[in-house]
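Each remark here refers to the structure printed beneath this line.
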Amino acid sequence: MKAKLFALTCLLFIAGVLFGPSALADPPGRVGRLSYISGPVSFAPAGLDTEWSLAAINRPVTIGDRLWSDQGGRAEVHIGSTAIRLGTNTNVDVLNLDGRTTQLRIVQGTLNVRVRHAARDDLFEIDTPNAAVLVQRPGNYRIDVDPNGRQTAVSVRFGEVEVSGPDANFLLYDDQQATLFSDSPDYNLTRLPPLDSFDRFWLARDQRQDRVRSLDYVPDDMTGYEDLDTYGSWATVSTYGAVWFPARVAVDWAPYRDGRWMWVEPWGWTWVDSAPWGFAPFHYGRWAYIQGRWGWCPGDIQARPVYAPALVAFVGGSGFSASISIASGPVVGWFPLGYREAYVPWYSVSPTYVRQVNVANVTNVTNITNITNVTNVTNVNYANRNVPSAMTVVSGAVFTQSGLVAPSMLKTAAVQELARAPVIHGGAPIAPARQSLSAGPAAVRPPATVISRPVVAINAPAPRPASFAVRQAEIAKQPDKPFQVRPLEPAAAPVGIAPSSAGAQAPVRMIQPPHGGNPQPAVQSNAGRPPEGRAMPQAGQSPDQPPAGAPSRPPEAVAPKGPAGTPSNVLPPPLHPDEQVRPGAPGAVPHPPEPRGLQTEERARPVVTPGRPPAMKTPEVPRVPQAEERVKPGATLVPPQPGRPIEAPRPPQAEERVRPGPPIAPQPQQNILPPVPRPREEMGLPQPQHPVPPPRIEERARPAPPPPQQPHPEVRQGPPPQGVPAPSPHEQGKPPELHRPPEKDKEKQEGNQ
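Numbering-wise, the sequence shown is residues 16 to 768 according to this note's numbering.
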């Protein structure tokens with residue numbers, strides 16, 4: 016243990032001395048996972064922009080990446096417990112993704128988003144051609160954009176979102192759908208239509224994830240946990256605690272063997288596993304060889320998980336990389352890090368990042384002090400280095416071209432020689448090629464409008480990563496040295512114009528929030544919910560923390576609730592009475608969201624307890640509305656069926672945990688017990704500290720025609736489409752009630768007096 020802590024201490028010193036806090040830009044601590052692919056799905060990685068490739072299961076998804084599901088295709092991306100599903104002919108671009116912010120862009124197709132948990136200062140934004148959608152609380156949401164980008168429908172199965180367009184700003188609640196148009200400031204409001212095939216698809220996926228019991232052993236914000244139940248089992252092992260054992264693997268199987276290496280910015284060489292469960296066990300935790308089989312140790316459930324590209328140690332380096340080679344060139348070898356062994360990033364990072372990426376798996380990391388003696392940093396006794404078949408070796412060509420490792424393994428004398436080589440703390444001494452960024456050529460490509468069509472946004476996107484051509488030239492000079500995470504390229508100007516080059520940021524039309532306030536509302540966790548007790552880094556220790564000297568950020572406010580459709584002034588949201596803006600807070604000018612952690616006084620994140628969603632009502636209005644009311648921006652929204660109230664958001668019911676299954680049979684030399692769930696606070700959803708009344712439905716007589724200078728809200732009517740039943744007679748007998756904003760009603764009353 017002392018050797019492991021010593022190695023980590025030396026690494027912290029090197030990172031602080033060679034690069035310094037001001038020169039470093041730590042990578043995000045959170046990524047997405049491409050968890051499901053069906054049909055033709057393509058992927059354009061950051062750095063290559065419009066060069067589309069074959070989408071690979073378990074590929075990390077981060078800032079600048081683009082996804083496209085073609086005709087008949089579907090895809091799913093998980094970010095922690097949040098699921099993002101793409102329907103057919105759908106695009107999704109990642110505009111921003113860090114420890115607190117998720118910002119997506121969709122200009123065509125159908126997108127379903129299931130947000131299960133939300134911290135107080137999280138921000139989740141979906142930008143479309145007609146409006147920006149800000150998620151206000153956990154729930155289930157759907158976005159539909161027509162191929163021309165002229166119409167966007169926002170649906171709330173349960174939860175709450177804020178919809179902000181150039182001329183509209185309103186809230187949507189349970190069982191509501193709003194349709195916005197590019198050629199009109201008006202929007203339609205209806206109840207949800209019946210479920211279609213895409214709804215049934217994501218509903219089945221949600222129900223499957225609701226039953227996952229691996230959350231008893233891993234944090235809910237660890238990306239990739241949802242498939243562990245299906246492909247393995249848990250057991251409690253002395254010394255290691257909770258251990259997950261994969262099922263149905265080959266006798267000579269070892270971690271980091273069934274997959275490929277890919278170059279993913281800004282981390283560099285990244286392992287992409289081929290197993291359907293192969294994400295969380297290869298980017299978090301450690302592997303241990305127990306009684307002749309491999310088990311995954313996830314680490315402390317109370318620590319916030321920080322993503323790593325691969326938790327391995329490469330071997331070779333000076334004196335070995337040149338002598339160990341085959342006919343096609345040098346070879347590369349690696350083995351998985353063992354229990355409690357420190358992870359040494361091969362990309363330049365700050366000492367804070369090194370602590371946080373190791374804190375869940377290495378004890379007493381925060382008590383380590385910097386020292387100057389670094390001569391023995393390689394003298395670490397790695398537990399897995401001498402495990403039979405733990406070492407994996409391939410040629411440099413297979414490694415660089417993202418070839419599959421298992422069928423290309425070398426089993427010659429080179430492997431035995433490489434086993435004696437020292438560990439490389441600078442990463443694999445191989446420079447990437449363009450093939451390193453993809454899993455193969457794409458069979459389909461999206462229309463050109465998917466790249467060039469502008470969207471509406473409240474928050475400016477994050478800068479895009481530097482182009483791969485620039486990075487490749489830098490890395491080729493010193494491939495065996497830790498490369499620095501470069502500052503990202505500036506984002507394009509926030510205007511709705513076509514990009515000047517293929518590598519430019521997708522055009523974004525920024526809109527100012529009402530009254531010029533802070534344009535970054537937070538996703539709400541449930542008010543009054545106490546923290547879950549998860550250990551969190553103090554201020555200044557988050558891997559997504561701004562560099563020293565950056566302006567302080569005010570606490571994110573909880574957006575207020577009001578009657579359905581009431582003109583919303585939650586951009587910016589008014590602060591809670593007990594929240595004060597700190598001096599030096601950012602002003603009202605839109606700017607890229609800064610990586611955010613909790614304030615100094617908040618040591619744990621208030622996390623919403625997982626629960627079953629409310630029972631979905633049977634919708635009574637078809638997806639294509641009949642004689643709908645076109646609502647003026649800011650007008651009071653009235654349900655299309657008189658007398659039926661619009662219900663306030665419903666808290667989910669407490670989720671029943673599945674009891675742990677039977678233990679793995681112990682063997683004489685090892686004490687393996689049935690799994691013991693990690694402590695996890697399970698609480699029902701309390702009532703908010705400030706009770707929110709249900710949306711108010713105004714019963715007004717139909718107003719007389721207004722003066723000529725006050726135009727009517729437009730009412731569009733049309734014949735019902737084929738296959739959709741027309742409204743019942745009693746619905747047609749009474750025309751829809753038109754309501755103006757309170758300010759206009761007041762002006763009219765004063766004019767009549």
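Where a beta carbon is used, it is the ideal one built from N, C-alpha and C, also for glycine. All figures in this text were calculated on a predicted structure; none of them were measured in a lab.
8 Å contact criterion, which residue i and residue j should meet: CB distance rounded
| i | j | result |
| --- | --- | --- |
| valine 408 | valine 347 | 7 Å |
| proline 447 | glutamine 487 | 6 Å |
| isoleucine 121 | threonine 143 | 6 Å |
| arginine 45 | glycine 88 | Incorrect: roughly 26 Å between the Cβ atoms, too far for contact. |
| leucine 49 | valine 92 | 6 Å |
| alanine 775 | proline 480 | Because residue 775 is not part of the residues shown, which for the chain are 16 to 768, the question remains open. |
| leucine 167 | arginine 129 | Looking at the sequence itself, residue 167 is threonine, so the reference to leucine does not match. Actually they are not in contact, since the Cβ atoms of threonine 167 and arginine 129 sit about 19 Å apart, beyond 8 Å. |
| asparagine 399 | tyrosine 304 | 6 Å |
| phenylalanine 350 | valine 327 | 6 Å |
| alanine 443 | phenylalanine 414 | 7 Å |
| arginine 172 | leucine 207 | 7 Å |
| proline 320 | alanine 375 | 6 Å |
Residue i versus residue j - alpha carbon distance
| i | j | result |
| --- | --- | --- |
| valine 252 | glycine 353 | 15 Å |
| alanine 619 | proline 345 | Caution applies to alanine 619, whose pLDDT of 34 falls short of 50 and renders its modelled position unreliable; the model cannot decide the point. |
| tryptophan 286 | glutamate 489 | 22 Å |
| alanine 257 | alanine 318 | 15 Å |
| serine 68 | alanine 59 | 6 Å |
| tyrosine 299 | glutamate 356 | 12 Å |
| serine 199 | serine 53 | 36 Å |
| leucine 112 | arginine 81 | 13 Å |
| tyrosine 188 | valine 176 | 7 Å |
| asparagine 474 | serine 417 | 35 Å |
| glutamine 224 | leucine 419 | 29 Å |
| tyrosine 777 | arginine 301 | Shown here, the chain extends from 16 to 768; a query on residue 777 therefore has no answer. |
| glutamate 140 | lysine 426 | 49 Å |
| leucine 101 | alanine 90 | 5 Å |
| arginine 275 | tyrosine 51 | 18 Å |
| proline 261 | proline 403 | 18 Å |
| methionine 424 | serine 410 | 8 Å |
| threonine 367 | glutamine 450 | 33 Å |
| arginine 226 | isoleucine 445 | 43 Å |
| aspartate 236 | asparagine 401 | 33 Å |
| alanine 325 | asparagine 203 | 48 Å |
| aspartate 369 | glutamine 192 | As written in the sequence, residue 369 is valine, which differs from the aspartate given in the question. Straight-line Cα distance between these residues: approximately 45 Å. |
| serine 212 | leucine 218 | 10 Å |
| alanine 134 | aspartate 267 | 42 Å |
| tryptophan 309 | arginine 152 | 40 Å |
| methionine 277 | alanine 491 | 16 Å |
| arginine 220 | alanine 428 | 47 Å |
| aspartate 137 | threonine 464 | 30 Å |
| glutamine 614 | proline 43 | No answer about glutamine 614 holds up, because its pLDDT of 32 lies below 50 and its placement is not dependable. |
| valine 169 | valine 523 | 19 Å |
Same chain, Cβ closer than 7 Å to residue i, five either side skipped, listed in chain order
| i | result |
| --- | --- |
| alanine 421 | Arg272, Asp273 |
| asparagine 73 | Arg48, Leu49, Val287, Asp288, Gly293, Phe294 |
Residues near residue i in its chain [Cβ-Cβ closer than 6 Å; skip 5 each side]
| i | result |
| --- | --- |
| tryptophan 83 | Ser57, Asn106, Pro461 |
| serine 453 | Ser68 |
| leucine 119 | Val107, Ile141 |
| alanine 458 | Pro55 |
C-beta neighbour in chain C for residue i, strict 8 Å
| i | result |
| --- | --- |
| glutamine 224 | Considering every chain present, this structure includes no chain C. It has just one protein chain. |
Contact test: residue i Cβ vs the ligand NAP heavy atom, cutoff 7 Å
| i | result |
| --- | --- |
| leucine 195 | This structure does not include the ligand NAP; it has no bound ligands of any sort. |
Q) Between the segment 274-281 and the segment 70-89, do three or more beta carbon pairs fall short of 8 Å? A) Taking a cut-off of 8 Å on C-beta distances, the segment 274-281 touches the segment 70-89, as three or more cross pairs fall below it.
TODO: Just list the beta strand (DSSP E) runs in the segment 92-159, keeping only unbroken ones of 3 residues or longer that don't cross its boundaries, in chain order.
DONE: Restricted to the segment 92-159, the beta strand (DSSP E) segments that are unbroken, complete and at least 3 residues in length are 97-101, 105-112, 116-120, 124-130, 138-142, listed in chain order.
message: I want to know whether the segment 121-133 touches the segment 151-164 - three or more CB-CB distances under 8 Å.
response: The segment 121-133 makes contact with the segment 151-164: 3 or more CB pairs, one atom from each, lie closer than 8 Å.
> Curious, which full-length beta strand (DSSP E) runs of at least 3 residues does the segment 191-259 contain?
Replying inline: Runs of the beta strand (DSSP E) inside the segment 191-259: 191-196, 199-206, 247-252.
Would you call the segment 133-151 in contact with the segment 181-196, where contact means no fewer than 3 C-beta pairs closer than 8 Å?
Segments in contact, yes.
* To do: Please list the segments of the beta strand (DSSP E) lying wholly inside the segment 441-465, counting only runs of 3 or more residues, in order along the chain.
  => With a minimum length of 3 residues, no continuous beta strand (DSSP E) run stays inside the segment 441-465.
The segment 289-306 contacting the segment 241-248, beta-carbon criterion three pairs below 8 Å: Yes, the segment 289-306 is in contact with the segment 241-248.
Inside the segment 303-333 only - alpha helix (DSSP H) runs reaching at least 4 residues
Within the segment 303-333, no complete alpha helix (DSSP H) run reaches 4 residues.
| request: With a floor of 4 residues, list each alpha helix (DSSP H) that falls wholly inside the segment 350-438, ordered by position along the chain. | output: Runs of the alpha helix (DSSP H) lying entirely within the segment 350-438, each at least 4 residues long, are 366-373, 411-415, 428-433 in chain order.
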